[in-house]
Structures are given as C-alpha cells and as structure tokens.
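At position 12 of the sequence shown the residue is numbered 22 (the working numbering), and the sequence of numbers has no breaks.
A virtual CB, placed ideally from N, CA and C, is assigned to each residue, including glycine.
All of these numbers come straight from a predicted model, not from anything done at the bench.
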Amino acid sequence: MTTFRDLGILSETAEALEAVGIMSPFPIQEMTLPVALSGSDVIGQAKTG
C-alpha cells in the first residue's frame with residue numbers, strides 16, 4: 011500500500027491527512043502527485059470524473 015508519505019508530500023500534510031483517517035492516496039493521486047511535486051503541470055482525469 012502506497013502512503014502519502016511515500017509520494018513525498020510534506021510531513022505536516024501527511025500528518026493532517028492521517029489525523030482525519032486518510033492513509034492512502036487514490037490511484038489518480040498516486041499517479042499525479044509525484045509529477046506535480048517535481049514542478050510539472052498536471053492534467054488528470056479519474057474514472058469517477
């Protein structure tokens with residue numbers, strides 16, 4: 011299971027997500043966060059919309 015911490019977000023952000031019970035990213039987040047965090051622009055569309 012990939013976590014938000016694995017994707018390289020700030021530890022403060024990961025802690026805030028974990029505090030409200032969000033432990034792992036959705037597939038669209040898992041695919042796009044590393045690209046966005048590297049400084050590239052991202053356009054994504056998840057299966058839900």
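Distance between Leu27 and Met33, taken at the CA atoms: about 7 angstroms. At a Cβ-Cβ threshold of 8 angstroms, Phe14 and Ala29 do not count as neighbours. Here Leu17 is near Pro35, since their CB atoms are less than 8 angstroms apart.
Leu43 is classed as buried because its beta carbon has at least 16 other beta carbons within 10 Å across all chains shown.
Sequence-distant partners of Met11 (beyond 5 residues in either direction) whose C-beta falls short of 6 angstroms from its own C-beta, in its chain, are Ser34.
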